[in-house]
Each structure stands twice: as C-alpha cells, then as structure tokens.
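Read the structure below first, then the notes.
4 protein chains.
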Amino acid sequence: MKIDPTPERLEFLARDYSQGFIADLGMKAVQYEKGYLESRLEIQPRHRQQDHYIHAGVLATMADHTAGYAAFSLVADDFRILTVEFKINFFRPAYGQGLVCKSRILHQGGQVLVGESEVYDQQPEGIILAAKATITLMAVHGSRIKKVSKQQAFKHER
Amino acid sequence: MKIDPTPERLEFLARDYSQGFIADLGMKAVQYEKGYLESRLEIQPRHRQQDHYIHAGVLATMADHTAGYAAFSLVADDFRILTVEFKINFFRPAYGQGLVCKSRILHQGGQVLVGESEVYDQQPEGIILAAKATITLMAVHGSRIKKVSKQQAFKHER
Amino acid sequence: MKIDPTPERLEFLARDYSQGFIADLGMKAVQYEKGYLESRLEIQPRHRQQDHYIHAGVLATMADHTAGYAAFSLVADDFRILTVEFKINFFRPAYGQGLVCKSRILHQGGQVLVGESEVYDQQPEGIILAAKATITLMAVHGSRIKKVSKQQAFKHER
Amino acid sequence: MKIDPTPERLEFLARDYSQGFIADLGMKAVQYEKGYLESRLEIQPRHRQQDHYIHAGVLATMADHTAGYAAFSLVADDFRILTVEFKINFFRPAYGQGLVCKSRILHQGGQVLVGESEVYDQQPEGIILAAKATITLMAVHGSRIKKVSKQQAFKHER
Numbered sequence: 731m732k733i734d735p736t737p738e739r740l741e742f743l744a745r746d747y748s749q750g751f752i753a754d755l756g757m758k759a760v761q762y763e764k765g766y767l768e769s770r771l772e773i774q775p776r777h778r779q780q781d782h783y784i785h786a787g788v789l790a791t792m793a794d795h796t797a798g799y800a801a802f803s804l805v806a807d808d809f810r811i812l813t814v815e816f817k818i819n820f821f822r823p824a825y826g827q828g829l830v831c832k833s834r835i836l837h838q839g840g841q842v843l844v845g846e847s848e849v850y851d852q853q854p855e856g857i858i859l860a861a862k863a864t865i866t867l868m869a870v871h872g873s874r875i876k877k878v879s880k881q882q883a884f885k886h887e888r
Numbered sequence: 731m732k733i734d735p736t737p738e739r740l741e742f743l744a745r746d747y748s749q750g751f752i753a754d755l756g757m758k759a760v761q762y763e764k765g766y767l768e769s770r771l772e773i774q775p776r777h778r779q780q781d782h783y784i785h786a787g788v789l790a791t792m793a794d795h796t797a798g799y800a801a802f803s804l805v806a807d808d809f810r811i812l813t814v815e816f817k818i819n820f821f822r823p824a825y826g827q828g829l830v831c832k833s834r835i836l837h838q839g840g841q842v843l844v845g846e847s848e849v850y851d852q853q854p855e856g857i858i859l860a861a862k863a864t865i866t867l868m869a870v871h872g873s874r875i876k877k878v879s880k881q882q883a884f885k886h887e888r
Numbered sequence: 731m732k733i734d735p736t737p738e739r740l741e742f743l744a745r746d747y748s749q750g751f752i753a754d755l756g757m758k759a760v761q762y763e764k765g766y767l768e769s770r771l772e773i774q775p776r777h778r779q780q781d782h783y784i785h786a787g788v789l790a791t792m793a794d795h796t797a798g799y800a801a802f803s804l805v806a807d808d809f810r811i812l813t814v815e816f817k818i819n820f821f822r823p824a825y826g827q828g829l830v831c832k833s834r835i836l837h838q839g840g841q842v843l844v845g846e847s848e849v850y851d852q853q854p855e856g857i858i859l860a861a862k863a864t865i866t867l868m869a870v871h872g873s874r875i876k877k878v879s880k881q882q883a884f885k886h887e888r
Numbered sequence: 731m732k733i734d735p736t737p738e739r740l741e742f743l744a745r746d747y748s749q750g751f752i753a754d755l756g757m758k759a760v761q762y763e764k765g766y767l768e769s770r771l772e773i774q775p776r777h778r779q780q781d782h783y784i785h786a787g788v789l790a791t792m793a794d795h796t797a798g799y800a801a802f803s804l805v806a807d808d809f810r811i812l813t814v815e816f817k818i819n820f821f822r823p824a825y826g827q828g829l830v831c832k833s834r835i836l837h838q839g840g841q842v843l844v845g846e847s848e849v850y851d852q853q854p855e856g857i858i859l860a861a862k863a864t865i866t867l868m869a870v871h872g873s874r875i876k877k878v879s880k881q882q883a884f885k886h887e888r
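Residue numbers (the numbering used here), protein chains in the order written: chain L, 731 to 888; chain R, 731 to 888; chain Z, 731 to 888; chain S, 731 to 888.
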C-alpha cells in the first residue's frame with residue numbers, strides 16, 4: 731500500500747486540501763513532499779476568541795487536516811484517510827497574523843499511520859511554536875466509506 | 731478557589747460562550763450546571779469536509795470550548811481558563827443536521843482541571859456518540875494573562 | 731466480528747490476564763463482563779517511586795492491560811488485541827495499599843476498539859479516583875501477528 | 731525558575747533516576763544533558779507479555795519516567811516534577827534484548843513542561859523506533875507535595 735506520489739498527485743492533493751470547512755476558514759497547502767505537508771492560514775478576526783487570541787480549535791483543525799493530507803501522499807488514490815484520534819498540546823496562546831502548520835508522517839504500518847503536526851504562530855516579533863499534535867490516522871479503501879449524498883447531508887439546510 | 735456559581739454567573743457564561751470563532755461557527759451554550767455544560771450547533775454546508783461529513787475540526791473545537799466553559803463555572807470570575815492539551819477519539823464520521831456536546835469537569839485539583847466532552851451527531855435516524863475528548867485545563871488569574879490589545883491583534887487585518 | 735463471550739471464555743481470559751509482566755507485578759482480573767473488566771493489585775514496596783507514591787507507570791500499565799483484556803471479551807478467540815495508543819491523566823498521586831482498575835469498551839467499529847480505564851487508589855481513608863485513561867485498540871487476526879519464538883526472544887537472556 | 735544544571739546536579743539526578751519501581755525494573759539513566767535524558771533497560775523475561783513481546787507498560791513507564799527526569803534538569807533542586815498526563819503511540823511490538831529511551835523537554839512555560847520520549851527496541855537486526863510519547867509535566871515546590879511517610883505507605887506491607 732506504500733506508494734511514491736507523482737508530482738501530479740501532489741498537485742491534485744494540494745488543491746484538494748482546501749474544500750468545505752478548510753476552504754471556508756482559509757487554510758491552504760503551501761509545500762508538499764512525500765509524507766510531509768506545510769499549510770498556511772492568514773488570520774482574520776473571526777478566527778479569534780474572547781481574549782483576541784486565535785482559538786485553539788483553529789490550531790487543532792489545522793493540525794488534524796494537514797496531517798491527514800500528509801498521509802494522503804503515502805497511499806494509493808483509491809484510499810481515504812480517516813482520523814482515529816489526535817492529541818494536541820498548546821504551548822502558548824497564539825495571536826499573530828498567520829499560522830503555519832508543518833505535518834510529517836512518522837510511521838506507516840498496515841492501515842495505521844501516525845503523524846505529527848507543529849503549529850507556528852507568526853507574531854510581529856517572529857515565528858514561534860504554539861502547539862504540537864500527534865495524529866493517528868487510518869487508510870481505508872474508498873469502497874468501504876459510507877457515502878453521504880449531498881441530498882442526505884444537506885436536506886435540512888434549505 | 732473552588733466556588734459555587736450563582737445563577738447570574740451561569741447566565742453570563744452562557745452568553746459569554748458565543749464570541750469570536752465560536753459565534754462565527756454558530757455554537758451555543760444550551761444547558762449549564764456547576765461543572766457541566768451542554769452546547770449545540772446547527773450544521774451548515776461550510777462545516778463539512780470533502781466527503782460531506784462534518785469536519786473533525788468542528789467536533790474538536792466544540793469539545794474543547796465547551797469543556798473550557800464548563801470549567802469557568804468552577805472558578806472565581808477573575809480567573810481565566812486555558813487549554814493545556816486535549817485528546818479526542820472519533821468513533822464514526824458525523825454527518826447529521828446538528829451536533830450536541832456534553833462536557834463535564836471530572837477533576838479539579840490546584841490550578842489543573844480535567845474535563846471530558848462527548849460530541850453527539852444528530853442524524854435523521856437518531857442521535858449517536860461520534861467523538862469523545864479528554865481536556866486538561868488550567869485556571870490562571872486574569873492578571874497573569876498577557877493582554878493582546880485589539881490594535882495589536884488586528885493591525886494587520888485592515 | 732462482534733461476539734458474545736461464553737462464561738468459559740471469560741474464565742479463560744481471567745486466567746490469561748495474569749502472565750509475564752502482569753503476573754510479575756501481581757495484577758489480577760477480578761470481575762469480567764462482556765466489554766468490561768475490573769482488576770486489582772496489592773501494592774508492594776517495589777511498586778513505589780522515590781517519594782513513596784505508587785509509580786505512574788504501574789497505574790498506566792494496569793490501565794492499558796485491563797482495557798486490552800476487556801476488549802478480548804468482544805472478539806473471536808482467534809483474534810489478538812494490540813494497543814495502538816493510550817492517554818492517561820493523573821488526578822492525584824496514589825499511595826494506598828491497593829489499586830483497582832475498571833475498564834470498559836466504549837466503542838467497537840471495524841477493527842478499532844476504544845476503551846476507558848479508571849484507576850482507583852485504595853487509601854486508608856477510602857477509595858478515590860487517581861487516574862483515567864483512554865485506550866485505542868486494534869483487533870488483529872492471530873495469523874497476522876509476527877510470532878516471536880521463546881528462543882528468539884530469550885536467546886540473549888541466558 | 732529556569733536554571734542551568736551543574737555537572738554535580740546531573741550526576742545526582744542520574745543516580746536518583748533509579749529508585750523504587752524503576753530500580754526494580756532495571757532502568758538506568760545513561761546520558762544526561764540540560765533538558766535531555768537517555769535511559770536504558772536490559773530486557774529480562776519478566777518484562778514480556780503473553781506473546782513474548784515486551785509489555786507496553788514497560789515502554790510507557792520508561793517514556794514517562796525518563797521525561798520526568800529530563801524535566802528535573804531544568805528546575806531548581808527544591809522543586810518536584812509531577813506527571814499531569816501522557817499519551818503514547820505504539821508503532822510496532824517490541825521484542826528485542828534492550829530498550830533505549832530518549833526524552834527531550836520541548837517546552838517550559840510557567841510551571842508546565844512538555845516533553846517527548848522516543849522508545850527504541852534493540853532487535854537483533856538493528857535498533858528501531860517502537861513508540862513515541864508526549865508527556866505534560868508540572869514543577870511543584872517540594873513544600874507543596876503531601877508527604878507520604880514510609881510508615882503510612884508501608885504499614886500494610888509488613
């Protein structure tokens with residue numbers, strides 16, 4: 731199941747990274763390698779919480795999603811990546827103008843992949859490590875993923 | 731430091747819950763007790779990911795924020811709650827019309843509080859447990875929180 | 731793969747629980763139900779650390795092993811249970827005469843099982859919750875486990 | 731509170747590392763630097779589980795204890811280090827003749843320290859990464875630690 735991604739595959743994944751919630755938040759894939767992905771987010775007022783810090787949920791979302799897409803570069807294109815669990819430590823509140831997330835897959839064994847994501851805060855004074863996460867992922871063949879039709883998902887959202 | 735919250739304090743916290751990122755996402759506090767909080771989110775298309783499932787980052791954000799506010803009900807009103815770390819397991823992809831999060835503080839010792847959040851998926855067929863998180867929080871006196879002025883936070887966002 | 735364990739299977743698992751490291755430490759299965767196991771350890775001086783507290787590693791070992799055997803009761807007898815990862819929060823240092831661990835499987839989906847373990851400290855003043863863990867387990871068919879022969883494992887231990 | 735350890739302090743900590751449960755298991759500190767510690771364990775039959783693998787609890791104990799002592803090198807000698815929580819991922823079952831653990835403190839802020847431990851399995855074919863842990867620690871002044879007298883701890887162990 732371990733594969734080497736083609737440049738076309740990495741380009742496809744970089745575009746594929748920003749959809750739905752992630753596109754709405756404004757997160758973008760900026761540098762792709764086999765088993766590695768760096769993403770970026772320009773901070774807007776809506777990303778902040780009650781004390782003007784960037785909400786921990788923004789950092790967690792970025793850490794999870796970026797690790798998931800780092801994993802996509804290691805599996806065949808008919809596999810999907812699901813997050814089994816993740817754990818994130820926050821070192822200091824983030825408040826800068828941007829976030830950078832660097833995710834690397836540490837281990838791939840059978841269906842399970844384990845990644846690490848470092849989230850950096852771009853403060854006026856420099857860039858500092860704000861959070862670090864460990865993410866356990868599972869590669870599942872597309873045929874085994876329950877399809878949620880747009881109709882089913884969105885019927886209540888008229 | 732352990733306190734009993736007044737009804738006014740709980741009403742204040744319920745309103746305070748929805749600010750910035752959380753208000754933008756649409757999450758609301760719906761039931762407050764001492765050390766316990768239930769929140770709700772009506773799902774919109776922008777909360778979903780590439781396969782129409784609700785993004786794991788939405789569940790994680792809700793699990794973290796709701797536990798944090800459950801903790802606020804246990805400390806004096808001049809203390810702030812910071813997330814030290816959290817860990818979340820995803821049991822099944824969520825795709826329903828709403829999420830409900832139930833957070834309870836399990837332990838309060840010194841400055842450290844530990845909470846648990848269960849995130850339920852309101853599917854057409856019924857409500858099911860989609861994820862469970864453990865959140866380590868720290869109560870810090872407001873005077874020790876570095877203030878981020880609106881100006882500092884937002885100067886690059888004009 | 732989900733099964734109902736027979737009473738004979740539960741009796742077998744209760745005996746099987748105490749082998750190798752676990753038998754050496756003195757941990758015993760004391761109450762088995764489908765998806766649930768309670769274990770007990772009588773504390774000896776060697777279980778303690780530099781400040782006379784019971785070592786965190788003793789609690790962690792008990793939390794992991796007991797959850798693993800709770801999972802065994804939910805799979806066919808030709809499957810093995812592997813720990814993918816676990817996370818444990820320590821609420822207060824334990825120092826009593828015994829530990830009790832209660833492990834319950836929260837979720838079983840495909841090959842992945844998620845359990846929770848609560849470790850209680852039997853202090854002279856009463857029994858209190860000392861730690862709580864979340865354990866992600868995987869059920870793997872015995873034929874897929876690499877066999878480590880006694881010879882291979884122990885050749886350097888003469 | 732951040733300090734530079736003297737060589738004498740590091741020598742003291744290296745000896746101090748092996749007490750109680752850790753000495754009983756046979757774990758030893760082998761290389762100390764400021765904020766870094768490497769430890770070693772020669773595997774004995776009693777460290778193994780039912781399938782001859784080294785028990786996950788042995789790896790977890792080593793990951794926790796070694797990170798705790800790495801943290802000791804960063805605080806004044808009247809402070810104690812407590813484990814708030816840890817999380818460990820197991821990449822592959824360990825079965826070799828020895829374990830090596832490398833722990834590094836990633837972050838020290840206020841009272842909270844966050845470390846990472848990598849546990850390596852010394853197999854006949856070479857040394858491989860078997861597990862990785864993240865450990866959240868807290869530095870607490872010795873005067874605030876509840877003393878457990880030998881008498882209190884051991885009175886039931888005659």
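Backbone N, C-alpha and C fix where the C-beta goes; we use that ideal spot for every residue, glycine too.
Separation of residue j from residue i, as counted between CA atoms
i, j, result
"residue 803 of chain R", "residue 746 of chain R", "12 Å"
"residue 868 of chain S", "residue 784 of chain Z", "18 Å"
"residue 854 of chain Z", "residue 827 of chain Z", "8 Å"
"residue 829 of chain L", "residue 861 of chain S", "29 Å"
"residue 739 of chain S", "residue 753 of chain S", "20 Å"
"residue 776 of chain S", "residue 792 of chain S", "15 Å"
"residue 780 of chain L", "residue 850 of chain R", "25 Å"
"residue 856 of chain S", "residue 863 of chain L", "28 Å"
"residue 813 of chain R", "residue 877 of chain Z", "43 Å"
"residue 873 of chain S", "residue 875 of chain R", "26 Å"
"residue 838 of chain S", "residue 733 of chain S", "11 Å"
"residue 842 of chain S", "residue 741 of chain Z", "44 Å"
"residue 840 of chain R", "residue 821 of chain Z", "10 Å"
"residue 806 of chain R", "residue 794 of chain R", "20 Å"
"residue 955 of chain Z", "residue 787 of chain L", "Here chain Z has residues from 731 to 888 only, and residue 955 of chain Z is not among them."
"residue 774 of chain R", "residue 736 of chain R", "34 Å"
"residue 755 of chain R", "residue 749 of chain L", "16 Å"
Close beta carbons around residue i, own chain, < 7 Å, minus the five adjacent residues each side
i, result
"residue 871 of chain R", "808 and 809"
"residue 778 of chain Z", "784 and 785"
"residue 765 of chain L", "800, 803, 804, 834 and 835"
"residue 845 of chain S", "797, 800, 801, 833, 834, 835, 836, 865 and 867"
"residue 859 of chain L", "821, 848 and 850"
Per-residue contacts from residue i into chain S (C-beta, under 8 Å)
i, result
"residue 874 of chain Z", "By Cβ distance, chain S contributes nothing, its closest Cβ being about 12 Å from residue 874 of chain Z, past 8 Å."
"residue 839 of chain L", "821 and 822"
Same chain, Cβ closer than 6 Å to residue i, neighbours up to 5 away in sequence not counted
i, result
"residue 832 of chain Z", "768 and 848"
"residue 790 of chain S", "818"
"residue 852 of chain Z", "826, 827 and 828"
"residue 823 of chain R", "783"
Neighbourhood of residue i by C-beta, 8 Å cutoff - its chain only, sequence neighbours within 5 removed
i, result
"residue 782 of chain S", "825"
"residue 751 of chain L", "791"
Contact list for residue i against chain L, beta-carbon separation under 8 Å
i, result
"residue 844 of chain S", "819, 821 and 862"
"residue 780 of chain R", "746, 749 and 750"
"residue 776 of chain R", "750, 751 and 754"
7 Å Cβ cut-off: residues of chain S touching residue i
i, result
"residue 787 of chain Z", "751, 787, 790, 791, 794 and 795"
Where residue i meets chain R, residues with beta-carbon distance less than 9 Å
i, result
"residue 798 of chain Z", "The premise fails here: residue 798 of chain Z is roughly 16 Å from chain R at the closest Cβ pair, so nothing lies under 9 Å."
Partners in chain Z for residue i, counting only beta-carbon separations shorter than 9 Å
i, result
"residue 850 of chain S", "What residue 850 of chain S touches in chain Z: nothing, since even the nearest Cβ is about 16 Å away."
Listed by chain order, chain R residues near residue i by CB distance under 7 Å
i, result
"residue 783 of chain L", "878"
(message) When you compare the region 734 to 746 of chain Z with the region 759 to 777 of chain Z, are there three or more beta-carbon pairs, one atom per stretch, that lie closer than 8 Å?
(response) In short, these stretches touch, since the Cβ pair count reaches three.
(request) Tell me, please, whether the region 808 to 822 of chain L touches the region 767 to 774 of chain L by the rule of three or more beta-carbon pairs shorter than 8 Å. (result) no
(request) Give, in chain order, every residue of the region 860 to 873 of chain L whose Cβ lies closer than 7 Å to some Cβ of chain Z. (result) Sequence-ordered contacts of the region 860 to 873 of chain L with chain Z read 866 [C-beta pairs closer than 7 Å].
(message) Using a Cβ-Cβ cutoff of 8 Å, what residues of the region 814 to 835 of chain Z are near chain S? List them in chain order.
(response) 814, 815, 816, 817, 818, 819, 820, 823, 825 and 827
(message) Any C-beta of chain R within less than 8 Å: which residues of the region 736 to 753 of chain L qualify?
(response) Flagged, chain order: 746, 749, 750, 751 and 752.
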